[in-house]
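The working numbering numbers the first residue of the sequence shown as 7 and each following residue consecutively. Note that CB positions come from ideal geometry on N, CA and C, so glycine has one too.
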Amino acid sequence: MKNLFKNESIRHFKSLVEKHDRIVLTCHMRPDGDAIGSTLGLCHLLRSMGKEANVVVPDRVPRSLMFLPGVKDIAVNTQYDPYCARLVNEAGLIIMCDFNTASRQGDLAPLITEAGCDKVLIDHHRGPDIDCGVMFSYPEMSSTCELAFRLIAACGWYGYVDARSATCLLTGLITDTQNFTVNCNSPEVYEIMMHLVEKEADKKRIIDEAVKATSYDALRLNSFALLERLTIFEKSRCALVVLSKEDLDRFNYLKGDTEGLVNQPLNIRGIVYSVFMREDPDCIKVSTRSKFDFPVCDICSDLFNGGGHLMAAGGEFYGTLEECRSVFIENMSKYDRHLPQRLDKLDLGRQGSVSSKQD
């Protein structure tokens with residue numbers, strides 16, 4: 007496996023870890039498998055090295071990740087903010103994982119930003135804007151967990167990886183690659199998976215818990231969304247799913263219930279990108295996914311105060327759900343220039359209740 011890092015950066019990172027005994031690891035709001043996998047995976051590693059390491063996150067961990075070892079020890083800022091503040095204030099080093107701007111930490115951001123300790127960023131998103139002493143920013147990585155494992159290997163710490171750490175890191179790798187179906191063209195991604203399985207990470211259990219498992223209400227909500235709230239725009243090869251607060255309440259929505267929903271329309275032959283809008287209490291949450299290198303990150307950056315990866319991005323809209331939908335539809339044609347020249351015929355079958363009209 008290639009060493010992608012500058013020797014100076016590795017030496018600096020190692021010296022910071024060796025220097026400090028109290029270390030905090032943190033990630034972005036609405037943490038996913040990669041955010042929790044990288045922070046918790048590194049936390050277990052650091053504890054194996056004799057460090058007093060803790061994970062502090064902005065808000066609650068989704069149910070799909072509650073199987074991870076050590077997840078119940080995570081400090082959640084929205085629930086235990088005085089405790090989180092104490093951990094951060096006492097830390098000599100903060101390792102920030104899987105986010106590129108402070109705004110992605112919500113209410114936790116001021117606490118992390120104003121902390122006067124040493125800081126390290128480990129991330130795979132484009133355009134990092136974080137003040138830190140050492141930055142490992144590699145957008146070409148499949149996941150922050152892949153990047154974290156490469157750092158572990160480069161630092162000579164592979165021997166400290168145990169089953170707990172391996173399980174967390176493999177979870178991030180699996181969830182961010184959608185079980186090795188996207189962003190994993192490099193053979194080295196599979197080499198990393200092999201090493202983590204060698205450390206007794208249970209790949210089957212991770213897929214069962216983090217990818218497949220769902221609740222009855224969540225299954226009904228996702229089925230309803232695809233049956234009643236999916237619109238296909240034939241000219242733009244786009245699928246749009248919109249869920250209102252009323253829709254969510256009808257199916258007793260809990261955080262994480264729509265995880266992965268945005269990916270489902272991409273299975274329709276001929277669809278190039280998918281957009282999902284969900285009415286949250288404070289904003290409209292927008293998630294996008296695509297194929298064929300279609301830059302959904304531009305849509306999120308231009309229209310929804312967000313960004314992310316080329317083919318996986320998100321953002322937020324402050325207004326009504328209908329306004330959010332209208333803004334997207336009115337601007338959709340601007341991105342048609344990025345569509346591939348050759349595409350499969352759009353397979354809508356008999357269309358049924360799915361609208362294929364370009365609004």
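Proximity test, residue i beta-carbon vs the ligand MN heavy atom, cut-off 8 Å
| i | result |
| --- | --- |
| residue 204 | Ligands displayed in this structure: none; no statement on the ligand MN is therefore possible. |
Close beta carbons around residue i, own chain, < 6 Å, minus the five adjacent residues each side
| i | result |
| --- | --- |
| residue 361 | Model confidence at residue 361 stands at a pLDDT of 49, short of 50, so the residue's coordinates are unreliable; what they give is reported in the following sentence. Contacts found: 237. |
| residue 330 | 283, 290 and 323 |
| residue 363 | With a pLDDT of 45 at residue 363, under the threshold of 50, the modelled position of this residue cannot be trusted, and the question is left open. |
| residue 49 | 31, 59 and 61 |
| residue 23 | none |
| residue 119 | 108 |
| residue 227 | 257 and 263 |
| residue 87 | none |
| residue 115 | 108 |
| residue 230 | none |
CB of residue i within 9 Å of CB of residue j, strictly
| i | j | result |
| --- | --- | --- |
| residue 57 | residue 26 | yes |
| residue 38 | residue 181 | yes |
| residue 198 | residue 152 | yes |
| residue 273 | residue 308 | no |
| residue 7 | residue 207 | no |
| residue 157 | residue 179 | no |
| residue 246 | residue 257 | no |
| residue 268 | residue 248 | no |
| residue 169 | residue 205 | yes |
| residue 41 | residue 104 | yes |
| residue 117 | residue 91 | yes |
| residue 278 | residue 297 | yes |
| residue 183 | residue 167 | no |
| residue 74 | residue 220 | no |
| residue 265 | residue 145 | no |
Closest Cα partner of residue i within the set the options
| i | options | result |
| --- | --- | --- |
| residue 129 | 320, 265 and 102 | 102 |
| residue 64 | 336, 108 and 308 | 108 |
| residue 89 | 170, 54, 67 and 62 | 62 |
| residue 347 | 174, 255 and 299 | 299 |
| residue 369 | 264, 229, 301 and 72 | A question about residue 369 goes unanswered here, because the residues of the chain that appear run from 7 up to 365. |
| residue 350 | 241, 13, 154 and 40 | 241 |
| residue 185 | 218, 164 and 163 | 218 |
| residue 150 | 161, 163 and 174 | 174 |
Residue i - containing alpha helix (DSSP H), residue span
| i | result |
| --- | --- |
| residue 199 | 193-204 |
| residue 39 | 39-54 |
| residue 13 | 13-25 |
| residue 226 | 222-234 |
| residue 215 | First-last for residue 215: undefined, no H or E at that position. |
| residue 254 | 251-256 |
| residue 306 | 302-309 |
| residue 94 | 87-96 |
| residue 173 | 169-182 |
| residue 335 | 327-337 |
Same chain only: Cβ atoms within 7 Å of residue i, ignoring 5 sequence neighbours per side
| i | result |
| --- | --- |
| residue 314 | 131, 303, 306 and 320 |
| residue 251 | 285 |
| residue 35 | 64, 65, 110, 111 and 112 |
| residue 141 | 127 and 134 |
| residue 339 | 242 |
| residue 270 | 232 |
| residue 172 | 202, 205, 206 and 207 |
Residues near residue i by beta carbon distance below 8 Å, same chain, minus five either side
| i | result |
| --- | --- |
| residue 121 | 94, 95, 97 and 100 |
| residue 358 | With a pLDDT of 42 at residue 358, under the threshold of 50, the predicted position of this residue should be treated as unreliable, and no value is reported. |
| residue 353 | 274, 275 and 276 |
| residue 312 | 292, 306, 319, 320, 321 and 322 |
| residue 192 | 148 |
| residue 164 | 158 and 201 |
Opening and closing residue of the beta strand (DSSP E) in which residue i lies
| i | result |
| --- | --- |
| residue 154 | Note, residue 154: premise wrong, no beta strand (DSSP E); alpha helix (DSSP H) at 150-160. |
| residue 285 | 279-285 |
| residue 103 | 99-103 |
| residue 293 | 290-296 |
| residue 120 | Note, residue 120: premise wrong, no beta strand (DSSP E); alpha helix (DSSP H) at 115-120. |
| residue 60 | 58-63 |
| residue 126 | 124-129 |
| residue 28 | 28-32 |
| residue 321 | 318-323 |
| residue 141 | 140-143 |
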